[in-house]
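Chemist:
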Amino acid sequence: MSITLDGSASAENTAPRSARVARKIVLALLGAACAAILALGAAPSAQAQVFQPLPQNADGLEQTFSPAYDYDTDGCYATAAISASGQINSGLGLGGAVNGHCHDAPQLQNANTYSREKCNNGWCAIMYASYFEKDQSSNGVGEIAGGSNGHRHDWEHVIIWVQNNQVKYVSRSVHSGWQVDPASNVRFDGTHAKVVYHKEGGFTHYFRLANASDDRVENVTGGWVYPRLVGWNGYPSDYRNRLLSANFGSATIKIGDQSFGYGLNAGKPAGISFNPWG
């Protein structure tokens, strides 16, 4: 115990030394925790919404060639963009970890994929749209003007090009453009092209083609994923219009009338006779 100049005992020092040490340890741990939180940046403004998805309802062509999906650990899982009750997913604000609040089993277990097809001149193009609640390029940084760190909501697309009931090409939306690959570059699960939701270095996410090592899948199910597929004519009542008219910010769904032809034209393999507008 120490005595102050007025002769009174210091309340701080009347406690046993072991108790004072314990208190210092607790304060140090709290300080470290706060520093770690600050380093990661502000948490997203809302928790993720886990919706009951729409039931699978797509035609045979769309189901036969739907992609087989996996998801790297440094990103979100696909999930439902519209609920079974017709509510639009509000997405997640940026901040915290790149996969924060959006890489949990309930999201993937309640995912949908949305599809639309067009066939002419001996070719069929089937576009598959996947929804993610955010697309964030780095930990701890919120949204930056111009979207350089990503954005709330993400839509990514795969187009399967079929001739004579065989996949000939696979196109993927990659940032603001499209990557087209012949089927010889693609790994398949039966008739289903394998693609992986992937973060490219310090950039945002897109679907890449699977490679041999990707058969050690990373998602929580332990296998290639086939979210419930909703085809163009597979929505309840006016749900399709609700989905296509929703505001997803800078993320755009390309199966709607205003963007479907443009997406097919941009992702079309060179030299084929398919008419995106026909």
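Residue numbering for the sequence shown is -48 to -1, 1 to 230, as defined by mature numbering (1 follows the signal peptide of the UniProt record, and there is no 0). The C-beta atom is built at its ideal place from N, Cα and C for all residues, glycine as well. The structure presented is a predicted model; accordingly, all values stated were derived computationally and were not measured.
Using DSSP with H/G/I as helix, E/B as strand and the rest coil, what is aspartate 106?
Modeler: Taking the sequence shown and counting its residues from 1, one reaches residue 106 at position 154. Correct three-state label for aspartate 106: strand.
Chemist: Is there a C-beta anywhere in chain D that falls below 8 Å from the one on glutamate 152?
Modeler: Included in the structure is just one protein chain, with no chain D present.
Chemist: Could you give the distance in angstroms between the alpha-carbon of alanine 162 and the alpha-carbon of alanine 20?
Modeler: The residue labelled residue 162 in the question sits at position 210 within the sequence shown. The residue labelled residue 20 in the question sits at position 68 within the sequence shown. Approximately 10 Å, taken between the alpha carbons.
Chemist: Is it the case that the Cβ atoms of tryptophan 130 and alanine 218 are separated by a distance below 8 Å?
Modeler: For the purposes of this step, residue 130 is taken as residue 178 along the sequence shown, with counting starting at 1. For the purposes of this step, residue 218 is taken as residue 266 along the sequence shown, with counting starting at 1. Yes.
Chemist: How long is the line joining the alpha carbons of threonine 65 and proline 179, rounded to whole angstroms?
Modeler: Residue 65 sits at position 113 when you count from the first residue of the sequence shown. Residue 179 sits at position 227 when you count from the first residue of the sequence shown. Going from the Cα of threonine 65 to the Cα of proline 179 covers about 6 Å.
Chemist: I'd like to know if the segment 211 to 227 and the segment 68 to 87 are in contact, where contact means that at least 3 CB-CB pairs between them fall below 8 Å.
Modeler: Yes: the two stretches touch, three or more of their Cβ pairs being nearer than 8 Å.
Chemist: Taking C-beta to C-beta, are glutamate 85 and asparagine 137 nearer than 8 Å?
Modeler: Counting from 1 along the sequence shown, the entry for residue 85 is found at position 133. Counting from 1 along the sequence shown, the entry for residue 137 is found at position 185. Going by C-beta atoms, glutamate 85 is not nearer than 8 Å to asparagine 137.
Chemist: Tell me which residues share the same chain as residue 261 and place their Cβ nearer than 8 Å to its Cβ, disregarding the 5 neighbours each side in the sequence.
Modeler: Within the shown structure, residues of the chain are numbered from -48 to 230, placing residue 261 beyond reach of any answer.
Chemist: List the residues that DSSP assigns as beta-bridge partners of lysine 151.
Modeler: If you number the sequence shown from 1, residue 151 lands on position 199. In DSSP, lysine 151 forms a bridge with His157.
Chemist: Output the boundary residues of the alpha helix (DSSP H) element that contains glutamine 61.
Modeler: Counting from one through the sequence shown, the residue named residue 61 turns up at place 109. Where glutamine 61 is concerned, the enclosing alpha helix (DSSP H) stretches over 57 to 61.
Chemist: Taking the alpha-carbon positions, what's the tryptophan 229 to asparagine 72 distance?
Modeler: Translated into the one-based positions of the sequence shown, residue 229 becomes position 277. Translated into the one-based positions of the sequence shown, residue 72 becomes position 120. Cα to Cα, the separation comes out at about 10 Å.
Chemist: Please state whether the Cβ-Cβ distance between leucine 6 and valine 126 is less than 8 Å.
Modeler: In the sequence shown, the residue the question calls residue 6 occupies position 54. In the sequence shown, the residue the question calls residue 126 occupies position 174. No. Outside cutoff.
Chemist: Note down the Cα distance separating asparagine 91 from glycine 48, rounded to an integer number of angstroms.
Modeler: The residue labelled residue 91 in the question sits at position 139 within the sequence shown. The residue labelled residue 48 in the question sits at position 96 within the sequence shown. Distance between the alpha carbons of asparagine 91 and glycine 48: 6 Å.
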